[in-house]
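> Residue numbers (my numbering), protein chains in the order written: chain R, 2 to 316; chain Y, 235 to 511; chain W, 269 to 804.
1. Run through DSSP, which three-state label would residue 809/W get?
2. The beta strand (DSSP E) that contains residue 474/Y, what's its start and end?
3. Run through DSSP, which three-state label would residue 296/Y get?
4. Answer yes or no: do residue 441/W and residue 474/W have a C-beta to C-beta separation smaller than 8 Å?
5. Applying a beta-carbon distance threshold of less than 8 Å, which residues of chain R neighbour residue 372/W?
6. Going by beta carbon distance, what residues of the same chain come within less than 7 Å of residue 21/R, once the five residues before and after it are set aside?
7. Residues of chain W with a CB under 7 Å from the CB of residue 172/R: which are they?
8. Going by alpha carbons, who is nearest to residue 367/Y out of 281/Y, 279/Y, 448/Y and 475/Y?
9. Under 8 Å, do residue 299/W and residue 273/W count as touching if we go by C-beta distance?
10. Could you pull the start and end residues of the alpha helix (DSSP H) that residue 444/W belongs to?
11. Rounded to the nearest angstrom, what separates residue 765/W and residue 753/W at their Cα positions?
12. Could you check what DSSP says for residue 307/R in three-state terms: helix, strand or coil?
13. Kindly list the residues whose CB is nearer than 8 Å to the CB of residue 72/R, restricted to its own chain and excluding five residues on each side of it in sequence; keep chain order.
14. Using the Cα positions of residue 314/Y and residue 373/Y, report the straight-line distance between them to the nearest angstrom.
15. Quick one: what does DSSP say residue 571/W is sitting in, helix, strand or coil?
16. Given residue 270/R, which residues of its chain have a CB within under 8 Å of its CB, disregarding the five upstream and five downstream residues?
17. Determine, using beta-carbon pairs with one atom in the stretch 339–346 of chain Y and one in the stretch 418–434 of chain Y, whether at least three such pairs fall under 8 Å.
18. Round the Cβ separation of residue 494/Y and residue 428/Y to the nearest angstrom and send it over; I've been treating them as touching at under 8 Å.
19. Listed from N- to C-terminal order along the chain, which residues in the stretch 637–671 of chain W have their beta-carbon within a distance smaller than 7 Å of any beta-carbon of chain Y?
20. Helix, strand or coil: how does DSSP classify residue 655/W here?
21. How many angstroms separate the CA atom of residue 686/W from the CA atom of residue 712/W?
22. Determine the DSSP secondary structure at residue 255/Y, reduced to helix, strand or coil.
23. Cutting at 6 Å between CB atoms, please list the residues of its own chain near residue 331/W, excluding the five before and the five after it.
24. In or out: residue 492/Y buried (at least 16 other Cβ within 10 Å) or exposed?
25. Considering only their Cβ atoms, is the gap separating residue 118/R from residue 399/R smaller than 8 Å?
26. So that I know if they touch, is there some Cβ in chain R lying closer than 8 Å to that of residue 255/Y?
27. Under 8 Å between C-beta atoms, does residue 457/Y make it to chain R?
28. Closer than 7 Å between beta carbons: that is the criterion. Which residues of the stretch 311–327 of chain W meet it against chain R?
29. Return helix, strand or coil for residue 401/W, following the three-state DSSP convention.
30. Taking DSSP's pairing of strands, which residues face residue 597/W in a bridge?
31. With 16 as the cutoff for other CB atoms within 10 Å, does residue 335/Y come out buried or exposed?
32. Roughly how many whole angstroms lie between the Cα atoms of residue 519/W and residue 481/W?
33. At 3 residues or longer, what runs of the beta strand (DSSP E) sit wholly inside the stretch 387–438 of chain Y?
34. Does the beta-carbon distance from residue 658/W to residue 676/W come in below 8 Å?
35. At least one CB of chain R closer than 8 Å to the CB of residue 352/Y: is that the case?
36. Measure the Cβ-Cβ separation of residue 600/W and residue 549/W and say whether it is below 8 Å.
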């Protein structure tokens with residue numbers, strides 16, 4: 002098993018490299034000449050030449066890629082085109098903010114989604130299951146910003162309990178941060194919980210249909226014992242995959258939610274950069290999101306390997 | 235009423251009604267709309283009244299008119315995107331499944347890498363580099379989305395190519411195209427139709443989200459996601475203006491999902507949890 | 269009602285939730301220590317009765333009528349908790365697939381001891397000691413430590429025995445055996461069968477033995493019940509049902525089985541002109557060879573059977589001939605002309621002359637096409653006939669395999685298993701081939717249907733002079749259809765010749781073992797085999 006885990010971890014690193022290459026190709030090679038794009042049509046050939054040298058654009062692509070990668074690994078994401086500031090200085094505090102919001106939502110959503118999903122599976126076909134099916138179907142169908150605005154109307158306007166703008170700044174206390182970020186976190190929780198509930202439900206149901214669960218019932222075991230000893234231990238792997246998928250979903254959902262609540266995270270930073278076409282910032286933010294995404298998937302796969310009884314007890 | 239030989243339950247009927255109404259509005263929009271889409275007919279966020287059922291938007295245009303025109307743009311882009319995505323995904327997916335070997339390996343690796351970057355993030359990168367225009371939007375989302383269609387089509391194709399009727403066709407000497415078109419596609423139709431509904435919802439929400447973020451459909455075109463964004467400041471005055479387009483988006487996706495959920499449940503078997511003890 | 273009646277099903281009725289009747293008014297009585305064999309074709313309701321005797325119905329089914337009485341207690345009127353108390357403790361279940369019926373996340377010992385401990389039959393330590401005793405009785409390796417393993421760490425035959433131990437762990441009064449040896453290879457099947465029989469005898473347990481194989485049930489059952497379409501056809505003492513069946517259906521089943529014990533075609537055809545010659549062929553997947561040094565030739569109008577257990581390479585042989593598995597070395601000649609190793613390099617006319625009939629008629633026909641399209645396509649593809657001629661040819665072909673002409677517009681979903689296999693044969697004939705490769709064409713069919721298909725194949729051979737390469741694991745089928753036979757073991761042909769010679773001494777040792785492993789309807793057969801084995 003250690004070998005399998007090592008292989009999976011190595012694959013994660015390899016994927017990350019491939020992803021960085023794809024992002025580099027998309028941002029540096031596909032668009033053609035960045036220099037004339039930035040300086041515009043009126044730029045003189047001399048100023049273009051100077052600018053190219055400044056950006057290192059006169060070197061071959063693979064050298065540029067490796068020097069970019071080398072910089073990234075040392076925390077150097079380059080300089081933003083729009084305000085000439087060092088990207089890492091702005092990215093890092095925003096990254097922490099995003100992480101804070103996502104973790105806040107995850108801590109609420111994961112137990113809720115998995116717990117209700119298992120419950121719903123065990124009550125398959127009963128009223129509560131059908132009710133939750135419709136409610137979660139609606140919740141996964143509506144856009145995040147719709148949920149966000151409904152929450153604002155309800156809990157910031159009609160009942161002014163929470164602020165509608167989630168403004169956080171340096172030196173803010175944890176308690177206050179939690180309070181301010183409640184509505185955005187709640188928005189994410191609603192959407193992610195619904196998704197997780199449905200996926201957990203279907204993976205538990207597929208385990209409940211296996212012959213060994215039937216055999217457990219035929220041995221005269223109680224329902225709770227069948228579920229606790231036979232179904233859930235085998236559902237752990239699929240549920241881990243579901244959680245990982247939804248955490249990844251959360252990382253992306255954060256982009257929209259941050260913009261609804263004007264929360265100063267990476268998502269908002271990235272969208273801002275996209276509308277200003279600030280390519281180095283877009284590139285940096287994209288890489289950060291992709292790295293988190295790949296990391297989550299790798300961890301989930303490794304956990305699935307660890308809980309798989311066939312791999313844990315090899316022949 | 236029966237559809238596909240089954241009578242849809244209440245929720246599916248509601249879903250079907252929503253979908254049909256949306257399609258009609260999208261097609262016949264200009265004839266249904268009370269005003270011109272760029273005509274200013276009232277005050278900013280004027281309340282609803284007899285001649286403006288849903289009030290006015292942030293620059294005094296009729297909200298209902300904007301919604302009707304927006305249906306066309308938002309649904310049209312999502313439908314075009316999904317159609318293109320299916321064309322790419324199904325062709326490549328079935329080819330990978332039937333041809334196998336290095337074609338399959340190469341396509342699958344490319345898709346794996348593309349799927350390692352979250353779709354929204356990937357789209358943001360492309361739009362950040364190329365700027366947002368409707369063709370760029372459609373092609374970008376379609377290519378990204380086709381990775382998922384590819385995965386499904388490949389899996390369906392894999393399950394079908396190992397079946398003996400496909401082997402019989404290959405033994406007869408049939409070509410690749412015939413095998414895909416006559417043996418595989420008809421048998422993969424049912425799951426692909428459900429998936430089309432799901433992918434449409436996803437792309438529809440995706441376009442709406444991009445427009446909401448200000449990097450999707452650009453003014454002066456009316457589209458629902460952009461309308462939410464433009465009217466968002468009204469929320470701080472306790473006005474519901476951004477909720478109308480948001481509700482329109484939600485209603486259509488809920489409608490499509492209700493129909494797809496029913497289609498999927500037709501073939502589903504009861505699980506072991508329902509045995510009689 | 270006598271006291272020693274341990275299981276009594278009265279007018280049992282089971283339906284699907286959509287109202288289809290699966291089991292209709294069936295009565296079963298089982299006395300202490302008695303074994304009742306339930307026999308019938310697929311869909312006869314055997315397994316449903318087995319589960320219903322534990323008051324259990326699978327998802328989508330409901331027990332809608334009758335009484336289920338175990339040791340005098342009626343289970344349908346009992347509470348769920350009371351029913352649970354009987355399951356595993358008084359009546360236990362052995363399923364067909366042991367690999368799927370064990371929880372992969374628990375050790376075998378935990379699973380074997382679970383029922384006795386939770387039912388309070390015995391404390392854990394005693395249950396473990398008892399489990400070890402059962403392991404020893406079932407001749408499992410290292411009985412002391414066998415239970416520490418996980419299901420995926422032991423072989424299929426061992427797992428099936430471990431499931432028997434699990435069923436016996438509470439010393440139940442009744443045990444339901446649902447095709448317990450069907451998933452095993454022929455040669456391991458009789459060992460497990462003998463062990464199960466000894467186990468049940470030793471503990472005086474009553475048994476409900478469910479199988480589709482008359483010969484298996486002959487070895488183990490005191491009484492036999494024949495079922496068809498959910499109804500009881502006949503019930504009686506084992507010897508009586510096997511030797512003097514009272515109803516026409518049971519008679520047909522018994523006769524079919526008896527016929528397979530005799531050789532039908534003693535003489536190979538006189539025409540010795542070979543249509544297919546295979547010379548020194550090796551082939552495999554990756555670096556692993558699956559067929560080695562194959563030499564054989566099939567004459568025009570001849571049926572050549574290739575027989576072997578699963579994994580012997582017999583199906584790979586078929587794939588080599590049709591070009592799906594390109595050969596590494598050697599030559600395959602059709603009518604004297606060498607065939608390219610790989611399918612895509614073969615010209616259309618060569619493809620036409622070798623056709624194939626697959627094992628599973630359910631998946632060998634495209635469910636979205638009509639029979640006109642399915643059978644008409646090869647006619648159009650190979651002979652380029654006009655549309656009207658194709659249509660007429662399809663009707664001819666349908667008649668040739670004994671199907672009515674108005675079937676042209678049907679789709680495979682509207683046909684029975686036997687009809688589908690006839691369509692597959694018609695599709696093969698549409699190409700007017702010299703050789704048809706039949707890959708286990710009858711093994712997915714019920715015995716009486718299979719018999720029909722074999723008759724059609726023989727009639728077509730007489731009429732059209734087509735040669736068959738007939739691949740099967742079933743010696744009964746070989747005896748009925750093959751002029752000549754080759755026996756395969758681990759990718760090699762270990763014996764070949766006229767079928768009559770293969771089935772008479774002197775045997776190759778493996779052939780002998782194979783023949784000896786196929787149960788016969790004689791009720792004393794198993795004892796005889798075991799006796800001979802101990803003598804050796």
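Every residue gets a Cβ at the ideal spot worked out from N, C-alpha and C, and that includes glycine.
From a predicted model like this one, the values you see are computed outputs, not experimental measurements.
Result, derived from the coordinates:
1. Because chain W in this structure spans residues 269 to 804, residue 809/W falls outside the shown range and cannot be described.
2. Note, residue 474/Y: premise wrong, no beta strand (DSSP E); not H, not E.
3. The DSSP-derived three-state label of residue 296/Y is strand.
4. A contact, by the Cβ cut-off of 8 Å.
5. Result: 213, 235, 310 and 311.
6. So the list reads 70 and 288, once near-sequence residues are dropped.
7. Here the premise fails: no neighbours, minimum Cβ distance about 49 Å.
8. Among 281/Y, 279/Y, 448/Y and 475/Y, the Cα nearest to that of residue 367/Y belongs to 448/Y.
9. Taking 8 Å as the cut-off, the beta carbon of residue 299/W is found closer than this to the beta carbon of residue 273/W.
10. In the DSSP annotation of this structure, residue 444/W is not part of any alpha helix (DSSP H); the continuous beta strand (DSSP E) holding it starts and ends at 442–446.
11. Each residue's alpha carbon lies about 6 Å from the other.
12. In the structure shown, residue 307/R sits in a helix (DSSP, three-state: H, G or I).
13. 78 and 79.
14. Cα-Cα distance, rounded: 9 Å.
15. Looking at residue 571/W - three-state DSSP - the assignment turns out to be strand.
16. For residue 270/R, where only same-chain residues beyond five positions count, the Cβ hits under 8 Å are 91, 92, 95, 282 and 286.
17. As far as the Cβ criterion goes, the stretch 339–346 of chain Y does not touch the stretch 418–434 of chain Y, which means the pair count is below three.
18. Right, their Cβ atoms sit about 5 Å apart.
19. Cβ contacts with chain Y come from 646 and 649.
20. Per DSSP, reduced to three states, the secondary structure at residue 655/W is helical.
21. Answer to the nearest angstrom: the Cα atoms are 9 Å apart.
22. The answer is helix: DSSP assigns residue 255/Y an H, G or I state.
23. Hits under 6 Å: 282, 320 and 325.
24. Residue burial is scored here from C-beta neighbours: residue 492/Y has at least 16 other C-beta atoms within 10 angstroms and is therefore classed as buried.
25. No answer is possible for residue 399/R: it lies beyond the span of chain R, which begins at 2 and ends at 316.
26. So no, residue 255/Y is outside the interface.
27. Not one chain R Cβ lies under 8 Å of residue 457/Y.
28. Flagged, chain order: 322 and 324.
29. Residue 401/W: helix per DSSP, three-state reduction.
30. For residue 597/W, the beta-bridge partners assigned by DSSP are 550/W.
31. That one is exposed.
32. Distance between the alpha carbons of residue 519/W and residue 481/W is about 14 Å.
33. Correct list: empty.
34. Residue 676/W sits away from residue 658/W, with the two beta carbons spaced by 8 Å or more.
35. It does; some Cβ of chain R falls within 8 Å.
36. It is a contact, given that the beta carbons lie within the stated cut-off.
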